[in-house]
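Working notes, beginning with the structure itself.
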Amino acid sequence: MAKAKHTIRIISGTHRSRRVPVLAISGLRPTGDRLREVLFNWLQLDIAGKNILDLCAGSGALGFEAASRGAKQVTMVELNPQAAKQLLQVTSDFNFNNIQIINQRAQSYLSNTVRKFDVVFLDPPFSSDLLHELTELVVPLIVAGGFLYRESSSEQELINLPANWNLYRQKTASQVKIELWQRMTQIAGEQYAKKIINRSLSRDF
Numbered sequence: 428m429a430k431a432k433h434t435i436r437i438i439s440g441t442h443r444s445r446r447v448p449v450l451a452i453s454g455l456r457p458t459g460d461r462l463r464e465v466l467f468n469w470l471q472l473d474i475a476g477k478n479i480l481d482l483c484a485g486s487g488a489l490g491f492e493a494a495s496r497g498a499k500q501v502t503m504v505e506l507n508p509q510a511a512k513q514l515l516q517v518t519s520d521f522n523f524n525n526i527q528i529i530n531q532r533a534q535s536y537l538s539n540t541v542r543k544f545d546v547v548f549l550d551p552p553f554s555s556d557l558l559h560e561l562t563e564l565v566v567p568l569i570v571a572g573g574f575l576y577r578e579s580s581s582e583q584e585l586i587n588l589p590a591n592w593n594l595y596r597q598k599t600a601s602q603v604k605i606e607l608w609q610r611m612t613q614i615a616g617e618q619y620a621k622k623i624i625n626r627s628l629s630r631d632f
């Protein structure tokens with residue numbers, strides 16, 4: 428098994444300041460403290476008691492943070508067997524009882540699960556071409572009012588989500604771009620559509 432090259436810390440919650448080992452595996456790139464703090468500040472109260480999906484979980488930086496902050500259930504999907512084994516080890520060592528680890532291709536999991544999620548973290552390796560494919564597969568699994576977080580290289584062009592999704596927040600830091608999208612409820616969608624129509628009409632006068 429690959430050795431841990433460094434550790435990352437859990438920022439807040441029941442396991443605040445605990446250090447999570449990060450294996451020396453090619454392509455494994457944990458979301459840094461600063462961006463994680465930005466993301467969870469955006470989400471605020473939308474973590475506690477919610478069902479979370481961490482796709483391409485890697486080091487588990489996002490999933491462990493969500494579990495520490497009171498998520499009802501965190502499902503981590505990771506293809507690399509060494510990384511998945513490490514996620515299981517940390518889950519056991521930290522006595523998390525709200526985490527499920529699945530060693531499987533993200534595409535296979537998304538194509539077969541019937542579960543719905545409140546928040547999805549999507550952070551595949553930058554060198555892969557998975558972001559667009561996984562976005563299309565995961566969107567139907569997110570509940571109304573739920574969130575999709577996407578992390579990519581700042582140079583990568585990202586597809587927009589369907590019309591019933593709103594780009595809630597975005598930020599670029601160094602070479603990394605992060606986005607938080609929210610699926611609108613029916614009422615919010617109708618209000619948003621009216622706003623667009625009114626804006627269009629005002630331009631005609």
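Counting from 428, one number per residue, gives the positions in the sequence shown under our numbering.
Beta carbons are placed, not taken as given, at the ideal position from N, Cα and C, and that holds for glycine.
Comparing alpha-carbon positions, the option among Ala-484, Ala-488, Arg-532, Leu-480 lying closest to Arg-463 turns out to be Ala-488. Comparing alpha carbon positions, the residue from Gln-534, Ala-511, Ser-535, Pro-457 closest to Gln-527 is Ala-511. By the C-beta density criterion, Ser-444 is exposed, having fewer than 16 other C-beta atoms within 10 angstroms. Unbroken beta strand (DSSP E) stretches of 3 residues or longer found wholly inside the region 464-548: 478-482, 500-504, 526-529, given in chain order. Going by C-alpha positions, Asp-545 is about 26 Å away from Ala-600. For Val-447, the enclosing beta strand (DSSP E) has its first and last residue at 446-450. Rounded to the nearest whole angstrom, the CA to CA distance from Gln-516 to Asn-587 is 36 Å. Contact holds between the region 546-565 and the region 472-487, because three or more Cβ pairs, one in each stretch, are under 8 Å apart.
Per DSSP, the unbroken beta strand (DSSP E) holding Glu-578 starts and ends at 569-580. Glu-578 is the residue among Glu-578, Pro-508, Leu-514, Ala-451 whose C-alpha sits nearest the C-alpha of Asp-556.
When secondary structure is reduced to three states using DSSP, His-442 falls in the coil class, being assigned neither helix nor strand. Around the beta carbon of Leu-594, fewer than 16 other beta carbons sit within 10 angstroms, so the residue counts as exposed. A straight-line Cα-Cα distance of about 16 Å links Glu-606 and Glu-560. Closest in alpha carbon position to Glu-584, among Val-449, Phe-467, Val-603, is Val-603.
Under the DSSP assignment, Leu-558 falls in the alpha helix (DSSP H) whose first and last residues are 558-565. For Pro-508, the CB contacts under 7 Å within the same chain, skipping 5 residues up- and downstream, are Asn-530 in chain order. Within the DSSP secondary-structure output, Ile-435 pairs in a beta bridge with Val-447.
For Asn-525, the closest C-alpha among the options Ala-498, Arg-542, Ala-571, Trp-592 is that of Ala-498. A direct Cα-Cα distance of roughly 32 Å separates Asp-473 from Ala-451. As the crow flies, the alpha-carbon of Phe-491 is around 11 Å from that of Asn-522. Excluding sequence positions up to five before and after Ser-439, its CB lies within less than 8 Å of the CB of Phe-467, Glu-492, Ser-495, Arg-496, all in the same chain and listed in chain order.
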